[in-house]
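Peer 1: Before I ask anything, let me first share the structure, which is written out below as structure tokens.
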Amino acid sequence: MYTPAHFEESRPEVLHGLIARHPMGTLVTHGAKGLDANHLPFELRAQEGTQGVLHCHVARANTVWQELVNGDEVLVIFRAGDAYISPQWYPSKQELHRQVPTWNYLVAHAHGRVTIRDDERYVRGMVGRLTRTHEAGQPVPWKMTDAPQDFIDTLLQAIVGIEIEITRLEGKAKLSQNKEARDIQGAGEALAARGERLVGEAMLAAASARRTG
2 MYTPAHFEES
12 RPEVLHGLIA
22 RHPMGTLVTH
32 GAKGLDANHL
42 PFELRAQEGT
52 QGVLHCHVAR
62 ANTVWQELVN
72 GDEVLVIFRA
82 GDAYISPQWY
92 PSKQELHRQV
102 PTWNYLVAHA
112 HGRVTIRDDE
122 RYVRGMVGRL
132 TRTHEAGQPV
142 PWKMTDAPQD
152 FIDTLLQAIV
162 GIEIEITRLE
172 GKAKLSQNKE
182 ARDIQGAGEA
192 LAARGERLVG
202 EAMLAAASAR
212 RTG
């Protein structure tokens with residue numbers, strides 16, 4: 002990933018936080034049939050391994066788990082958000098007319114080594130943890146025991162686990178940090194007013210950091 006220094010985000014805790022808040026990732030693999038991409042919800046266990054371990058599952062009918070060999074290198078892309086930036090939102094544009102449109106975003110790339118986990122105990126535990134995490138906000142959280150055991154057992158047999166030990170994390174927070182603080186602030190306020198709060202608030206934080214840094 003092309004990452005100019007002013008957009009680089011390398012702090013593990015920040016990248017782990019992005020992954021935890023936005024766990025829908027794109028698993029990019031290169032097997033015998035060439036490049037492939039699968040969009041999957043991941044569980045991050047940040048304390049496992051040296052940089053964390055990702056856990057996910059795929060349908061048994063999805064051949065990606067058969068095309069991979071334990072130890073293969075893979076890439077998982079996590080995107081927190083993105084937004085179009087109009088030059089009209091930069092105060093300096095009104096004075097100098099030397100601004101152009103751009104697109105801002107926050108992403109994390111997790112490079113790692115894969116292990117196929119085709120065992121019921123692993124899959125059951127992972128699905129249980131994913132369920133508890135994402136049902137936590139429900140008034141009455143659904144749990145696996147709400148469904149008949151034979152029904153759950155059949156579904157678990159139809160999926161295969163994939164474990165990815167993270168070997169390298171890289172992140173990019175493109176928030177107009179190459180602009181003046183007032184321009185970052187102006188664009189951030191415009192995004193927040195339009196309801197695009199994730200990138201907007203990140204830009205406002207970047208503007209504040211620029212002024213105090």
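With the first letter of the sequence shown counted as 1, position 142 gets the number 143 in my numbering; the numbers rise by one all the way through.
Beta carbons are placed, not taken as given, at the ideal position from N, Cα and C, and that holds for glycine.
Remember, it's a predicted structure, so these values are computed and weren't measured experimentally.
1. Along the chain, which unbroken stretches of the alpha helix (DSSP H) at least 4 residues long are found entirely within the region 16-74?
2. Grab the span of the alpha helix (DSSP H) containing Ala-193 for me, first residue to last.
3. Taking His-1 and Ile-78 to be in contact with their CB atoms under 8 Å, please state how far apart those CB atoms are, rounded to whole angstroms.
4. Can you tell me where the beta strand (DSSP E) holding Asp-118 begins and where it ends?
5. With DSSP as the reference, please indicate the residues paired to Ala-174 in a beta bridge.
6. Please confirm whether Val-128 has its beta-carbon closer than 8 Å to some beta-carbon of chain C.
7. To the nearest angstrom, report how far apart Val-108 and Arg-118 are at their CA atoms.
8. Between which residues of its own chain and Asp-83 is the CB-CB distance below 7 Å, once the five residues before and five after are set aside?
9. Distance, Cα to Cα, Gln-100 vs Gly-138?
10. Whole angstroms are fine: how far does the CA of Gly-162 sit from the CA of Lys-34?
11. If you follow the alpha helix (DSSP H) that Gln-209 is in, where does it begin and where does it stop?
12. Using CA atoms only, rank isn't needed, just tell me which of Thr-132, Thr-4 and Ile-165 is closest to Arg-114.
13. How should Tyr-3 be labelled, buried or exposed, when 16 other C-beta atoms within 10 angstroms of its C-beta is the threshold for buried?
14. Should Ala-203 and Ala-174 be called a contact, given that it needs their Cβ atoms to be closer than 8 Å?
15. So, at 6 Å on beta carbons, what are the nonlocal neighbours of Ala-47 in its own chain, with the 5 sequence-adjacent residues on each side left out?
16. Determine the burial state of Val-65: buried for a count of at least 16 other Cβ atoms within 10 Å of its Cβ, exposed for fewer.
17. Check Thr-168 in the structure and name its three-state DSSP category.
18. Compare the C-alpha of Thr-116 against each of Val-75, Pro-102 and His-23 and name the closest.
19. Would Ala-208 be called buried (16 or more neighbouring beta carbons within 10 Å of its own) or exposed?
20. In terms of residue numbering, what span does the alpha helix (DSSP H) encompassing His-98 cover?
21. Near Ile-185, what residues of its chain come up, given a Cβ to Cβ distance below 6 Å and the 5 sequence neighbours on each side ignored?
22. Hey, quick one: how far does the alpha helix (DSSP H) through Tyr-123 stretch, first residue to last?
23. Check whether the region 56-63 touches the region 89-96, taking contact to mean three or more Cβ pairs, one atom from each stretch, closer than 8 Å.
Peer 2: Once the coordinates are examined:
1. 65-68
2. 182-194
3. The chain is shown from 2 up to 214; residue 1 falls before or after that span and cannot be answered.
4. According to the sequence provided, residue 118 is Arg. The question's Asp does not apply to it. It spans 103-118 - the beta strand (DSSP E) in which Arg-118 sits, taken as one unbroken run.
5. Leu-107
6. Absence of chain C from the displayed structure is noted, only one protein chain being present.
7. 27 Å
8. Trp-104, Asn-105, Tyr-106 and Val-200
9. 43 Å
10. 21 Å
11. Rather than Gln, the amino acid found at residue 209 in this sequence is Ser. Counting along the chain, the alpha helix (DSSP H) containing Ser-209 begins and ends at 198-213.
12. Ile-165
13. exposed
14. yes
15. His-17 and Gly-53
16. buried
17. strand
18. Val-75
19. buried
20. Careful: His-98 lies outside any alpha helix (DSSP H) and carries neither H nor E.
21. Ser-177, Met-204, Ala-207 and Ala-208
22. 121-136
23. no
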